[in-house]
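The block underneath contains the structure these notes are about, expressed in structure tokens.
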Amino acid sequence: MRHADRVESDPGAGYASWRPAALPDPWVIVPSALRGALEAELKAEVAEGHELSSLHVTAIARCGACDNAVFRIETSPI
Ligand SMILES: [Zn+2]
Numbered sequence: 075m076r077h078a079d080r081v082e083s084d085p086g087a088g089y090a091s092w093r094p095a096a097l098p099d100p101w102v103i104v105p106s107a108l109r110g111a112l113e114a115e116l117k118a119e120v121a122e123g124h125e126l127s128s129l130h131v132t133a134i135a136r137c138g139a140c141d142n143a144v145f146r147i148e149t150s151p152i
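For the sequence shown, counting from 1, position 3 maps to 77 in my numbering; every step adds exactly one.
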């Protein structure tokens with residue numbers, strides 16, 4: 075999100091009018107206030123030692139019809 079914000083705020087980059095496409099129903103973007111709960115749920119459900127257990131994730135979308143969610147894996151740019 076930080077990266078997208080930076081791109082959108084830079085009209086010189088030519089992306090000033092770019093907006094993300096709406097998600098197909100019943101998927102919705104996770105409001106920032108609800109991200110922590112989904113991220114904690116994922117951490118609780120991932121077994122210790124699993125590849126995901128040591129990565130920092132951000133909840134970005136969830137399905138309104140079931141409990142599926144999409145997470146972004148945060149990485150450090152080199
Ligand atoms: Zn679903």
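We put the beta carbon where it would ideally sit given N, CA and C, even for glycine. Quick caveat, the model's predicted, so the values are computed rather than measured.
Taking each of ARG109, ARG136, THR132 in turn and checking the Cα distance to ILE147, the smallest one comes out for THR132. Taking 8 Å as the upper bound for CB-CB distance, LEU112 and VAL102 are not in contact here, some 12 Å apart. ALA96 counts as exposed, since fewer than 16 other beta carbons sit within 10 angstroms of its beta carbon.
Judged by their CB atoms, VAL120 and ILE134 are not nearer to each other than the 8 Å cut-off. Here CYS137 is bridged, per DSSP, to TRP101.
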